[in-house]
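See below for the structure under consideration.
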Amino acid sequence: MGVISSIFGEKVYLKACIALLALMMLVSYYVGIVFLVYFFSSAAIVIMLFHITKAYLSVKEQRVEFVLISVAIISYIIADLSWYVNKYVLFKTYAEYEYLQISFLLPTILVLSAAIVSYTKKLETDIGAQRYIVGNDIAGIYLMTIIFTLTALNEINTKFIYSSITNFSGYMNIVLGFMILFLVFCVVFSSEFIVVNKSGFYVILGAGVYACVRITYSYQVLTEFWYDSIFLNALFLFAFFLFMLGAFELNGVNKKIKARNLNDAIKWLPLLCAFPLAFKGGFDAKLSLFMLLILVAHTLISYYIRSNLRTKSILEKEREIHKDLELEVSRYVNELKLSNFKLKDMIEKDYLTGVGSRAFLMDSLSKILPTLKHDAIVVYYINLRRFRLTNVSYGHEIGDKILCKVAKKLDEMASEDDFVCRFGADEFIFVRRVLQIDGSECIKFAKSIIAKLSEGILVSSYQFSIECAIGIECATAGKFSDAKELIKNADKAMNFAKQDNKYNPFMYSAQIDSLEKRKAQIEILAHQAVFERDFEVYYQPVFETNSKKLVSAEVLLRWNNIELGFLEASNFMDVVKKGEIISKIYEFVLTSVAKDISELIKSDVKVPCISINVASRQTITPEFINTTKRIMQQYNVPLNMIELEMDEAVWMNDESVLDDIFKRISDTGMSVCIDDFGTGYSSLVYVKKYDVNRIKIAKDLIANIANSEPNTQIVRAIVELAKIMNIKSVAKGIENEDILNKLAKTGCDEMQGFALKRPMSASDFKKSFIV
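Heads up: the sequence shown at position 514 corresponds to 514 in UniProt numbering, and the numbers run straight through without jumps.
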C-alpha cells in the first residue's frame, strides 16, 4: 500500500501527462499513424529522462544506477528512432538496417548494470547462518534462472544463433534479460535480510519489467513469431516510468523496505524449476533426475537452516524478554516499596507544614486512648483567627508560609511525648500527654500557645501577629472510646472561645452542650416567629465628636420571645444570620425603617443617614439589591439615605465577587460602613479600593482604651489612616466618660454608645425629631 500511495501521491500532474502520452501512443497505434506512435512515445521517454536526470543531479550522494539508467534510456531512444527513420522515412529493406538490432543490446546491458549496482549496494554483510541463507537462496534462484533459460532456448543451436545479427542480438537480449530477472528475484526473495530503499525498489522493479518485455520481444524474433514491436513500446514506457518514480524518491523520504512475507514461501522457490522440465522436452531422464535431486536438496538445506535460525532467534528473544521481565519486576517491586514508604509518609505528615496529618492524628489517638491508665492526654484545638482574610489580602503563598511558621512554633513547644497535627486549612491540634488533669495548668499552657503565636511572624517583609482561639478537651482512662468524640468536644470548645475573646482559651464542659441546644432552639423559634409581633426596630444615634451633632443612626433589632425573653441582636443574630431566615429578617427591618423614614419626611423633618446591618452572605445574593430598591421605592425613600453596615467577613469573598457587590451598591447611591474595624488591618486595601464611606472601630479596642496604651495607639493609628484615605472613623461601644474623653483626643470623627445616647425605640426616635 505504501508503494501505491507514493505512485499516486507525488507529482500527479507529471504522471498524468506521461499516462496521457502513452494513451495517445496506443490510440495512434490502433488508428495506424506510425509517426504519432513514435512521436508520443519519444516525448514521454524524453520527459521521463529529463526528470530522472534532474532528480539524481539534485542529491549529493552519487547514484551510479540512475546514471546508467539515463544512458540506457538515451541509447534506447537513439536505437528506436534510428529504426523508425530507416524503416518508415528512408524506406530501406530490413537487410539494410538489420545491424541496428545490435544497438538494442546496449540499453539492456546498461539496465543490467544498473540492477547489479543497485543490488550489490544493498547487500549487507550478515554473519553466521544468515550469510548461508542468502547464498543458498541466490544459488537456488540462479539454478532456476538457468533452467528457465536452457528450457526456453534448448531448440536453438549455436549455428542458428550466429546465422544473423537478428538472431545473435535476440539471443543475447534473452540471456541478459534472464540475468536481470535473476537479480530481481534475488532482491525479492532475499528481502528478509536485504534492506532496499524505495528508490532501489523502483529500479529493481523497472528492470524486471524491462527484462520481461525484452525477453518477450527477442523470443518472438528467434522463433519467427513476429508481433508488432510498436505495441511493446508502451510496456517499455512503463519500465522507464518506474525508473522515474525511483528517481523521485531520492529527494523524498526514501524509506527502507524490509519485507518478511516471503520468508516461508522461499523454500518452494526451486520447485518452480520443475515446470519447464515437465512441459518442455529436450532433457534426458538422468539429467532431469539429477536436477530434481539438486532442487530437493536445496529445499531441505534452506528449510533446515531457516528453521534453526528462527528457533535460535526465538530462544534469544525469549531470554531477552525473560531478562527484561526480571529487571522490570525487580524495578517494580523496588518502586512499590518506595511508593509505600512515600505514601505512608504522605499519610502521616501534612504535605505543607511537615507536622502530623489528620489521618496520623486519628490513628495515633485511636492507639493511645485504650492504653490510658493512670495518665491522660489533653487535646488543644487551635483555630487561627481571620486566616482566610489574610489569604485573600496577601495571597495563598504568604498564607502557606504563615502556616509553616505556625507549625514550627507549635512543634518547638512540644515535648518528646507530645505531637502536633494540622487538622484543617487554618486549624492545628496539639496533643499533650500528662500524668493527671489540672484545669488551671491546661489553661496556662493554652495561653502560652496564644502568647507564642502572637509574638509576631515575619514573612516576606510582612510582620504578622497571629491570633488564635483554643478549645481544650481532656481524655482519661475509659472516658473516650472514639477519637472522633474527643476531637468533636475540643472543636465545640474552640468555637465557643472563638465567639468571645474573654472565653479564650476554653475547656470543654457540659455548658457548651446546653449552649448548642440553645442555638438550635433560637434557630427553630426564629423560623416560627411572627415578625411584626415579635421583632422591634431600635435606633442608636451617632454623633459628630466635636460638635456632638447627630449625623446618623444605627438600626438595632430586638426580639421579644415568649420562651427566650427580650433579646438583643448580639444574643441571636450570630445564629440566624447563617440560615435562610436572615433574608426575611432583613426585609422586615428594611420595611420598618422605610416606614419610619417616610413618616419623618412627611413631617418635614431632616432625617439623618440610617445605617442598617447586613450579613456578608446576604450581599452576594442577586435579590439583595432588588429587594432594597423595591422597598425604598414603595415608601418613596431615597436610597442615598441608607447606609449598609457590614463586618470584615465580607472581604473573605473572591475579588471578582467583591467587585460585583460594591458596583451594585454604588449604582444605587447607598453608602457603605465597615463594622468592627481593627480586627484585621489587611482590609485597608479593600476599604480604599471600594470607596467605603465609614469605618466603625471594633468595640473590643474601644472598651479598654482608657486603661490600655497599646489599644489607644491602635485606635489612633486607625483614625489617622482613615483620615489619609478620606474616610470617616466612628467609635462604637462608648460606655463611660473616661472612654469618651480618651477618644476625643485620638481625633475620631464620630461616636456612639451608652455614654452619649442609648438605643431608642422607633416611636421614641421619631418623637425626638418632632420635639
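In this text, a Cβ means the ideal position worked out from N, Cα and C, and glycines have one as well. What you are looking at is a predicted structure, and each value in this text was computed from that prediction instead of being measured.
- Here ALA706 carries a coil assignment [DSSP, helix/strand/coil].
- Its Cα nearest to that of LYS757, the residue TYR538 stands out among PHE662, TYR538, PHE588.
- With respect to the C-alpha of ALA762, the residue from THR223, ASN173, THR371, GLU536 having the closest C-alpha is GLU536.
- For ILE695, the enclosing beta strand (DSSP E) starts and ends at 694-697.
- Listed in chain order, the non-local C-beta contacts of VAL589 below 7 Å within the same chain comprise VAL537, VAL555, LEU557, ILE612, local neighbours out to five positions each way being set aside.
- Taking the C-beta atoms as reference points, PHE66 is found no nearer than 8 Å to TYR76.
- Around the beta-carbon of LEU105, 16 or more other beta-carbon atoms lie within 10 Å, marking it buried.
- Between the segment 472-483 and the segment 365-375 there are three or more C-beta pairs closer than 8 Å, enough to call the two in contact.
- Collapsing the DSSP output to three states places ALA376 in a strand.
- Only residues of its own chain outside the window of five on either side were considered, and among them VAL378, VAL379, TYR380, TYR381, CYS442, ILE443, ALA446, ALA490, ALA493, PRO505, PHE506, MET507, TYR508 have a CB closer than 8 Å to the CB of ILE472, listed in chain order.
- For GLY424, the uninterrupted beta strand (DSSP E) run begins and ends at 419-424, by DSSP.
- Annotation: ILE429 to GLU709 spans about 34 Å, alpha carbon to alpha carbon.
- Residue state for ASN560 is assigned as strand, using DSSP reduced to three classes.
- Of the candidates LEU458, LYS452, MET172, ASP675, LEU458 places its Cα closest to the Cα of LYS401.
- Remark: C-beta atoms of PHE35 and MET25 do not approach each other more closely than 8 Å.
- One thing to note: LEU384 has its Cβ no nearer than 8 Å to the Cβ of ASP350.
- DSSP places VAL672 in the strand class (E or B) of the three-state scheme.
- The C-beta distance from LYS732 to LYS767 rounds to 24 Å, too long to fall under 8 Å, and the pair is not in contact.
- Leaving aside the five residues that flank PHE496 on each side, the residues in its chain whose CB is nearer than 8 Å to its CB run, in chain order, GLY471, TYR503, PHE506, ILE512, LEU515.
- Under the DSSP assignment, SER729 falls in the beta strand (DSSP E) whose first and last residues are 728-731.
- Distances from the alpha-carbon of GLN436 to those of TYR394, LEU372, LEU110 put LEU372 closest.
- With 16 or more neighbouring CB atoms inside 10 Å of its own CB, ASP80 falls in the buried class.
- Boundaries of the beta strand (DSSP E) around GLU645: 642-647.
- In this structure, the beta-carbon distance from ILE466 to VAL406 falls below 8 Å.
- A check of alpha carbon separations from ASP417 across LEU453, LYS408, HIS396, ALA376 identifies ALA376 as the nearest.
- In this structure, GLY678 and LEU701 form a Cβ contact; the two beta carbons are roughly 5 Å apart against a cut-off of 8 Å.
- Per the DSSP secondary-structure output, ASN613 pairs in a beta bridge with GLU645.
- Distances from the alpha-carbon of ALA207 to those of LEU222, ILE582, ASN571, LEU245 put LEU245 closest.
- Beyond the five residues adjoining it in sequence on each side, GLU643 comes within less than 8 Å, by CB distance, of SER552, CYS609, ILE610, SER611, ILE612, MET670, SER671, VAL672, CYS673, ASN693, ARG694 in the same chain, given in chain order.
- GLU554 sits in a strand when the DSSP states are folded into three classes.
- Note on geometry: alpha-carbon atoms of ALA95 and ALA16 lie some 39 Å from one another.
- The segment 563-578 makes no contact with the segment 588-604: fewer than 3 CB pairs, one atom from each, lie closer than 8 Å.
- At least 8 Å separates the beta-carbon of GLU735 from that of PHE765.
- Residue range 427-434 is occupied by the beta strand (DSSP E) that includes PHE430, with no alpha helix (DSSP H) assigned at that position.
- Between the alpha carbons of TYR202 and SER330 lies a distance of about 49 Å.
- Contact annotation: GLU720 and ASP675 have beta-carbon atoms that are not nearer than 8 Å.
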